[in-house]
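Numbering (the numbering used here), first residue to last: 65 to 497. For each residue, glycine too, the CB sits at the ideal point set by N, CA and C. In this text the structure is predicted, and so the values were computed from the model without any measurement. Here the structure comes first, spelled out in structure tokens, and everything after it is commentary.
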Ligand SMILES: [Zn+2]
């Protein structure tokens, strides 16, 4: 198998093990531990040393890994790659069981972020996330992870015979049309506690001990490589686990330099980042400050470190669609497998400017990787991402980039095998400076 195909398969396997933000972050955590990184708890006192490898987490769904540079931090600064752990989908509501026609049980859910709703229909779905269990300390419940590895639910479409206009486009109601069917009602079942009982059985714990949960739906079918020459990746959550995974691999492969390298994976980008584990919180600023102070430096040295730093805000980008190419800018037309995309926005929804864009172009050139540029059509609004939000908390020079893909926010997205290898190469080069 070629190296790029092998790397694409690594990404697919990683995403398959990461059906919730909690699982994604825990998988990153396990790879870091295996790679010799030491875990630090935000609540403890830290000892950190030059050349040391560390990581810390926030609320189970954000993680920050860093290798302390051998140089003086106020002169060398931080080299940051940022990505996000979350993806749009459905969160299970409390008391979710709904009885239908005296025969079926479906689950009540709430939409998270902006999924393409229709893509979630008629697919085998299951549940994954975090379960909180009462402990002896009222302020610190125990957290358990649940991931049920079998098809449990489907959100069925309405037959075309009952809606002849279905192919003209259907408005899907989030509360009515998108609820997944879980079960037939049986005499033995406790209808109002189906979900809790299922989770308790899976975790082999007492159902009464489960107090609360953060559990989401996921598509059960694993991603794959497709195309005549196996050039594409089809997988859930490429946005943004593809960037998180590439950043992780590059950090793990790095031999360390004078500069302090960091991978920051935030949660909640899909809902605006303003949560305690999101890029809109002070978590990153606090962390950078703590590292500088722990190295025996003062406030001025912290600020010098910040102004000697550079951040790559890595979030996926749009490739020109093979069927609907008119939605793209006339002169900037990224395609899949032609390299990472630099995102540019005149009104600064992206952090890229001439300066930071030039830095990223130079990184690509030196890493011998092609690159492309993305600008919205001037009559389209487009999306936003991490870079900007993070800059509001800590003003580091930043560029917004990402790999080109189709169907962003579909339950299953399409990316490129080559692009995955390219971005790993660029991140590795960045972490070698
Ligand atoms: Zn994203």
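Proximity test, residue i beta-carbon vs ligand 1 heavy atom, cut-off 7 Å
i	result
residue 380	yes
residue 331	no
residue 449	yes
residue 483	no
residue 304	yes
residue 148	yes
Inter-residue CB distance, residue i and residue j (contact presumed, cutoff 8 Å)
i	j	result
residue 379	residue 450	6 Å
residue 119	residue 81	Incorrect: roughly 18 Å between the Cβ atoms, too far for contact.
residue 152	residue 179	4 Å
residue 463	residue 416	5 Å
CA-to-CA distance, residue j to residue i, given in whole angstroms
i	j	result
residue 477	residue 149	16 Å
residue 487	residue 368	29 Å
residue 336	residue 251	44 Å
residue 424	residue 90	30 Å
residue 134	residue 327	17 Å
residue 311	residue 247	40 Å
residue 193	residue 452	28 Å
residue 275	residue 259	13 Å
residue 437	residue 448	16 Å
residue 480	residue 304	14 Å
residue 111	residue 357	11 Å
residue 225	residue 232	14 Å
residue 401	residue 468	8 Å
residue 265	residue 229	43 Å
residue 171	residue 160	5 Å
residue 460	residue 317	24 Å
residue 404	residue 466	6 Å
residue 185	residue 292	27 Å
residue 98	residue 130	15 Å
residue 269	residue 206	12 Å
residue 418	residue 122	33 Å
residue 157	residue 360	47 Å
residue 446	residue 108	42 Å
residue 154	residue 383	26 Å
residue 182	residue 393	26 Å
Minimum Cβ-Cβ distance from residue i to chain B less than 8 Å
i	result
residue 258	As a matter of chain content, chain B is missing from the structure shown, which is built from one protein chain.
heavy atom of ligand 3 below 7 Å from residue i C-beta
i	result
residue 166	As presented, the structure is devoid of ligand 3, carrying ligand 1 as its sole ligands.
With three or more C-beta pairs closer than 8 Å as the rule, is the stretch 384 to 401 touching the stretch 366 to 374?
no
Complete runs of the alpha helix (DSSP H) confined to the stretch 377 to 442 [at least 4 residues]:
418 to 430
Would you call the stretch 180 to 195 and the stretch 72 to 80 touching, i.e. three or more CB-CB distances under 8 Å?
no
When the Cβ atoms of the stretch 135 to 145 are set against those of the stretch 212 to 229, are three or more pairs found closer than 8 Å?
no
Mind listing, in chain order, the continuous alpha helix (DSSP H) runs of no fewer than 4 residues lying wholly within the stretch 117 to 176?
137 to 140
Does the pairing of the stretch 334 to 354 with the stretch 432 to 446 give three or more beta-carbon distances under 8 Å?
Result no; under three Cβ-Cβ pairs closer than 8 Å.
Report yes or no: do three or more beta-carbon pairs, one from the stretch 272 to 287 and one from the stretch 91 to 110, lie closer than 8 Å?
no
Counting beta carbon pairs with one atom in the stretch 236 to 247 and one in the stretch 165 to 179, are three or more of them shorter than 8 Å?
Verdict: yes, contact present.
At 3 residues or longer, what runs of the beta strand (DSSP E) sit wholly inside the stretch 453 to 487?
Correct list: 461 to 466 and 477 to 480.
Secondary structure, beta strand (DSSP E): runs of 3+ residues fully inside the stretch 212 to 297:
245 to 248, 274 to 283 and 288 to 290
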